[in-house]
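Protein chains: 4
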Amino acid sequence: MSSTSFTSVSFNTASSWNLKRREGGKAYVRCGSAASSENTVRVGVLGASGYTGSEVLRLLANHPQFGVALLTADRKAGQPIASVFPHLATQKLPDLIAVKDADFSHVDAVFCCLPHGTTQEIIRGLPNHLKIVDLSADFRLRDISEYEEWYGQPHRAPELQKEAIYGLTEILREEIRNARLVANPGCYPTSIQIPLVPLIKAKLIDIKNIIIDAKSGVSGAGRSVKENLLYTEVAEGINSYGVTRHRHVPETEQGLSDAAHSKVTISFTPHLMPMIRGMQSTIYVEMAPGVSTEDLYQQLKRSYENEEFAVLLGNGVVPRTHSVRGTNYCLINVFPDRIPGRAIIISVIDNLVKGASGQALQNLNLMMGFPENLGLHYQSLFP
Amino acid sequence: MSSTSFTSVSFNTASSWNLKRREGGKAYVRCGSAASSENTVRVGVLGASGYTGSEVLRLLANHPQFGVALLTADRKAGQPIASVFPHLATQKLPDLIAVKDADFSHVDAVFCCLPHGTTQEIIRGLPNHLKIVDLSADFRLRDISEYEEWYGQPHRAPELQKEAIYGLTEILREEIRNARLVANPGCYPTSIQIPLVPLIKAKLIDIKNIIIDAKSGVSGAGRSVKENLLYTEVAEGINSYGVTRHRHVPETEQGLSDAAHSKVTISFTPHLMPMIRGMQSTIYVEMAPGVSTEDLYQQLKRSYENEEFAVLLGNGVVPRTHSVRGTNYCLINVFPDRIPGRAIIISVIDNLVKGASGQALQNLNLMMGFPENLGLHYQSLFP
Amino acid sequence: MSSTSFTSVSFNTASSWNLKRREGGKAYVRCGSAASSENTVRVGVLGASGYTGSEVLRLLANHPQFGVALLTADRKAGQPIASVFPHLATQKLPDLIAVKDADFSHVDAVFCCLPHGTTQEIIRGLPNHLKIVDLSADFRLRDISEYEEWYGQPHRAPELQKEAIYGLTEILREEIRNARLVANPGCYPTSIQIPLVPLIKAKLIDIKNIIIDAKSGVSGAGRSVKENLLYTEVAEGINSYGVTRHRHVPETEQGLSDAAHSKVTISFTPHLMPMIRGMQSTIYVEMAPGVSTEDLYQQLKRSYENEEFAVLLGNGVVPRTHSVRGTNYCLINVFPDRIPGRAIIISVIDNLVKGASGQALQNLNLMMGFPENLGLHYQSLFP
Amino acid sequence: MSSTSFTSVSFNTASSWNLKRREGGKAYVRCGSAASSENTVRVGVLGASGYTGSEVLRLLANHPQFGVALLTADRKAGQPIASVFPHLATQKLPDLIAVKDADFSHVDAVFCCLPHGTTQEIIRGLPNHLKIVDLSADFRLRDISEYEEWYGQPHRAPELQKEAIYGLTEILREEIRNARLVANPGCYPTSIQIPLVPLIKAKLIDIKNIIIDAKSGVSGAGRSVKENLLYTEVAEGINSYGVTRHRHVPETEQGLSDAAHSKVTISFTPHLMPMIRGMQSTIYVEMAPGVSTEDLYQQLKRSYENEEFAVLLGNGVVPRTHSVRGTNYCLINVFPDRIPGRAIIISVIDNLVKGASGQALQNLNLMMGFPENLGLHYQSLFP
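Those protein sequence lines, which keep their order, are chains U, X, V and D. Under full-length UniProt numbering, the first residue of the first sequence carries the number 1, and numbering increases by one thereafter. Under full-length UniProt numbering, the first residue of the second sequence carries the number 1, and numbering increases by one thereafter. Under full-length UniProt numbering, the first residue of the third sequence carries the number 1, and numbering increases by one thereafter. Under full-length UniProt numbering, the first residue of the fourth sequence carries the number 1, and numbering increases by one thereafter.
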């Protein structure tokens, strides 16, 4: 094959998977993704002590073109990443530093895995040559006043907000390709918009009556040390939180409204499940007059038949979170309801992968001119 | 014994809790619920090797008036119950026998914990003096043809079906008091009907648009040895099964239709959760014109303020399955939806207690003339 | 009230289980354990916002003689208990107050569920008429210098330490009966001493070579909000913590040394398990010359055949934590090892019941002159 | 193809990771590992409907040189693999066939994932050109009579037994390189032998007193549909099974005895944990006179410093199963015991990877002349 067709990167060296392991001069060196060879994109991870940060590192460990050049975590500055995440001890990675001490001159791109609020100012201070994928919520809402309403503080980088591209890859791929700053979508909004946007665009469902019963694994809450996230409080039970008000609502409604060219208000009830990863949105819709579940199925088939990560399952097959654990897939399907004129749509993702770090990597691949699936071919860890 | 004498039952004997433990003549004898003293109702459990059977035994262990006189389990006949359920080893209980070998002359009442299908014939063969609470699905559907449709076989005891009283205690208490045969409700139908029946009766919600997203712990499937119930297949994931067709649908629709005096068709999607016990029904309803969520709340308050086990929580408090683990409570609450005119109702139960054996005991208490809460004062095992 | 009158307590009043439910003047009032009737022991729980406190309340809900008169939780003072523990919302209980505001004149006994360190001073300030069961570690170690070594601070109530009786009920029952202050044992020490003390006393095992591999559910760590106790960090994995140094070591060695009349040093490795409750100690011992596993079995049989809560299982039956969930039992058994001359002992408890609040109630029953099993007849919540 | 040519295999083609995805002629084709290109080793999986089979497929999905040519599962013959393992639906894989219908002429190597017992005869019938890694227990025990004793049937392919090489890669790498038939080790024996063999060879520990307390996730039992493996029976509890007799004992003792040049008898107690994957062996050893834990540490350091998958952690760092989920690593460490002269060794693996399919792939890599880590660079799926 000719690798030259890739924007300009050369693939005619050995696979970096193998190369990296052999570069140490020993027969078998430890796995690692530290940036080193000339043709490797040098990546920084800002906020590497949280779950989305560590998930980026898990994925990059097998990426053939990206290497890790920089890790920041202000409160853990000076520590090796293994002291924060023991499972990363087998990788060769840079130590954690404070973001203020970071030298970005040798970095090509960053994943920003910081909490919302502080993210705005840090991104505003980053040099212009960097490609940025922001996993926080700070640049997802185009309407600054809506940000203020849901996050309780005024937005401090409205000019950057205008530049940011919403990173729902399957829907906005071309815009992402040319973006400098991508606002990576939330997990719930990803699992909802992938199935609904094509159906709304095709006017197949009633937009006034969309009911979403969403179930999420606990890692969606990040590594926050809160009482309600303790094992003893989560295991063996369900917790419906934010029944009337969850911050992912405006983001989801923004995307669905764009598809509908009209304001969409959703019913959205998230449930915390006793599981680490995984998210399922069970979506109850009323179909437009004369539309059948088969019509919905065919529309989704047309929309996603060439997609690798948005996958419509075979007729009647129920998507299961078990099938996407650790993967970047979004599995979807459509079912008839007992109530005539209604349909049930189920979509599942791994909230930390397609719902966060995986989609972020998918986006950065595009932004850097690579095939979007590079480094993302993980299959589900089942059982 | 004559159950009628119990309406004036005297409690001035010693607490049987203490009495039982002391009857052995030793300072401390093992806990147990074997029938023994004169004023004790002698209870049989048919099908004691399943989870609803063992749950009956857990509850009876502290019942002040009921003692266990008989345990059957055909395939385990001859074994001590502890060989089937090691956690019951500390109780004094009769050995398992085959149902055909059972002598019912010394038994006053039975819990029938057998699989649907075979139950009909066994109950038809029981002597008339027995009070019977049947935990199977065999006598729940009044319409014999509906039974045949959903269970794939003709009903073989239609005359008994006519006699059977549906055992949703809070709704049909007076009928249950005088029943000989009670068809104990399914777990999903219990969790749905308790909140919805009063609202439908009061014409507060639209009966054409009831959407139920139900979540159940695995024990709802019983002790069936099936691949999809293995730890490795259940843990850390969600499984939406029977999306379009679950056997609890006709039972639920029957109860809601009775309340509405009109045929109700529901949208019902059950989800298997990675937890042992617990059931939550998240119910999405459209309110009748002019009705508010506060109206729903007040109606439920009026309906259940004198009930012990159906409990409407304080304004805004989310019912949690954690709060009912091992208990007979059904906790409910009502929430406003983002979509105007809609409301969200959440109810939780322990599927093995209020959803099965606890409600069965509540019913038998009534049938025998006791306070319905006898032996049911368990508080949630949290954490 | 005078606890001495209870040795001849009359049980011919109605069972308080029933009585309590009827006292409200309604047919069925909510379950609750608020102190009210004249012949009820009025109990306070100091530190009611932690798991051992809430577990005391679960157990007291069905106690025929004890009522809850006082609940303290300094940081939650002024709140109803249900705001801290939603599962207790169905009980009638006093609101939380600060310990400094507590009026102990109407309290007969207290469970002290406070953290170690602060406990000493609070107990020192309590009035003399109170019976006290302290669930913290503050009064478990007779050697004050050992306390200082393991807990990193000098003991501030050494005179009370001298008075305190170690509350391992099966071993020190008579002393407990007459105690004013009982130091309730830790969970690990309970699970280890119950099987080992009789074997050491009978000189059946080598005291120089006792290896204990202990496994605990997460609730043993209390409701502490720590990163390593998050669901995401605990589920689906094992965590061996404190491999060389756990604070339950000196307490265990003290008890075993007492039995041996000689200093015992143990090998003790605790493992945090992905489960809420339950504790198993797998104990590897070398038998004295000429001793067989059958000798160990017979010794334990003799020691515990009249005990209700320390139960030696039938030959070859493996004790399971599943069998003690929510109960006060300690199940034990002995197995031959492949290495000649060695044996394996397994004991299981529920760390929150026999390992904490259940044994505490067992002790208070004794201290107040009641049968020790009052209110403790819970059977395992299985499945 | 000739596998021998691989000792000089050229890596200067593009990474097959990328190549495979593009071979379909579309921009992005589905991930898959179907054998297709000329320089790919064509692999068969016999018994693809169990967990070790599906785990091989997960790993092969990213292997740059191996493609899947054949999948057998007798009872599921004719079905697509996705009907047995829905999580594999996103891969392009051959349908399942019966082993008797398999054409091995286009297959270079097989993983044999069949149950013990039947495996022997099937392997005996395979053509000679195949490289075989057998994941069953059938060829692990050199002593045929020992096989008969522990597996209850005579061995039916003793001549093959003589040829088989035991596949503990780090210990027997050179023999494996030249093997045609490798008996892949069991999970427990792997986790025990990796830390102990170097210590025994160096005579640093007493071989008469090795006590192993092992904990395993449930997937170690395979996809067997048994009551004791149900979610309801496993979750939230510990199950010590086979306390005195587990089939992995003779295999472990064989390996340790080889290292010791003397018969070793171990104390081995396996515990089933409520987790899907992961295995920990906590090993209690008595050190040889004058030996310190530091000596053990240094010996393991020397033995494994050039190994990729056997990793000695930093001083005092506790190996955690969480750190190896989905990976081929064995993490080990040594700790001092409170009892003088004793040490505690902890090793952890993923039972399905280093304990089964991962080590199998590591071995086949060697047998085919590739670097042993090809396709095995997965990092732990944490959280």
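Think of the CB as a built atom: it goes at the ideal place given N, C-alpha and C, for glycine as much as any other residue.
Neighbourhood of residue i by C-beta, 6 Å cutoff - its chain only, sequence neighbours within 5 removed
i: residue 211/V; result: 267, 284
i: residue 157/V; result: 120, 124
i: residue 127/X; result: 104
i: residue 73/U; result: 48, 49, 96
i: residue 378/V; result: 326, 327
i: residue 178/U; result: none
i: residue 209/U; result: 286
Exposed unless 16 or more other CB atoms sit within 10 angstroms - verdict on residue i
i: residue 245/X; result: exposed
i: residue 262/U; result: exposed
i: residue 143/V; result: exposed
i: residue 373/U; result: buried
i: residue 302/D; result: exposed
i: residue 154/X; result: exposed
i: residue 53/X; result: buried
i: residue 277/U; result: buried
i: residue 61/X; result: buried
i: residue 137/U; result: buried
i: residue 106/D; result: exposed
i: residue 67/X; result: buried
i: residue 101/U; result: exposed
i: residue 223/V; result: buried
i: residue 203/X; result: exposed
i: residue 289/X; result: exposed
Check whether residue i and residue j have beta carbons under 8 Å apart
i: residue 259/X; j: residue 200/X; result: yes
i: residue 205/X; j: residue 265/U; result: no
i: residue 328/D; j: residue 220/D; result: no
i: residue 280/X; j: residue 321/X; result: yes
i: residue 139/U; j: residue 168/U; result: no
i: residue 46/D; j: residue 114/D; result: yes
i: residue 248/X; j: residue 186/X; result: yes
i: residue 355/D; j: residue 63/D; result: no
Close beta carbons around residue i, own chain, < 7 Å, minus the five adjacent residues each side
i: residue 371/X; result: 365
i: residue 235/X; result: 274
i: residue 381/X; result: 325, 326
i: residue 386/X; result: Residue 386/X lies beyond the range of chain X shown here (1 to 383); nothing can be said about it.
Other residues of its chain near residue i: CB distance less than 8 Å, five sequence neighbours each side excluded
i: residue 95/U; result: 71, 78, 79, 80, 81
Chain-ordered neighbours of residue i on chain A, where CB pairs are closer than 8 Å
i: residue 346/V; result: Among the protein chains of the structure shown, namely U, X, V and D, there is no chain A.
- Item | Contact residues within the UniProt domain "Semialdehyde dehydrogenase NAD-binding" (42-179) of chain U, judged by C-beta distance below 7 Å to chain X | For the UniProt domain "Semialdehyde dehydrogenase NAD-binding" (42-179) of chain U, no residue has a beta-carbon sitting nearer than 7 Å to a beta-carbon of chain X.
- With a cut-off of 8 Å, do at least 3 Cβ pairs link the region 339-348 of chain D to the region 285-301 of chain D? Yes: at least three Cβ pairs fall under 8 Å.
- Interface positions of the region 306-318 of chain D facing chain U (Cβ-Cβ less than 9 Å), listed along the chain: Per Cβ criterion, the list reads 306, 307, 308, 309, 311, 313, 314, 317, 318.
- Cβ contact (3+ pairs, closer than 8 Å) linking the region 220-235 of chain D and the region 357-373 of chain V: When C-beta atoms of the region 220-235 of chain D are compared with those of the region 357-373 of chain V, fewer than three pairs fall below 8 Å, so the two segments do not count as touching.
- Item | Cβ-based contacts, 7 Å cut-off: residues of the region 214-244 of chain X near chain V | Along the region 214-244 of chain X, the positions whose C-beta sits under 7 Å from a C-beta of chain V are 219, 236, read in chain order.
- Task: Can you give me, in chain order, the residues of the region 254-283 of chain U that have a beta carbon less than 8 Å from any beta carbon in chain X?
- Result: Of all residues in the region 254-283 of chain U, only 265, 266, 267, 268, 269, 271, 273, 274, 275, 276, 277, 278, 280, 282 come within less than 8 Å of chain X when Cβ atoms are compared, listed by chain position.
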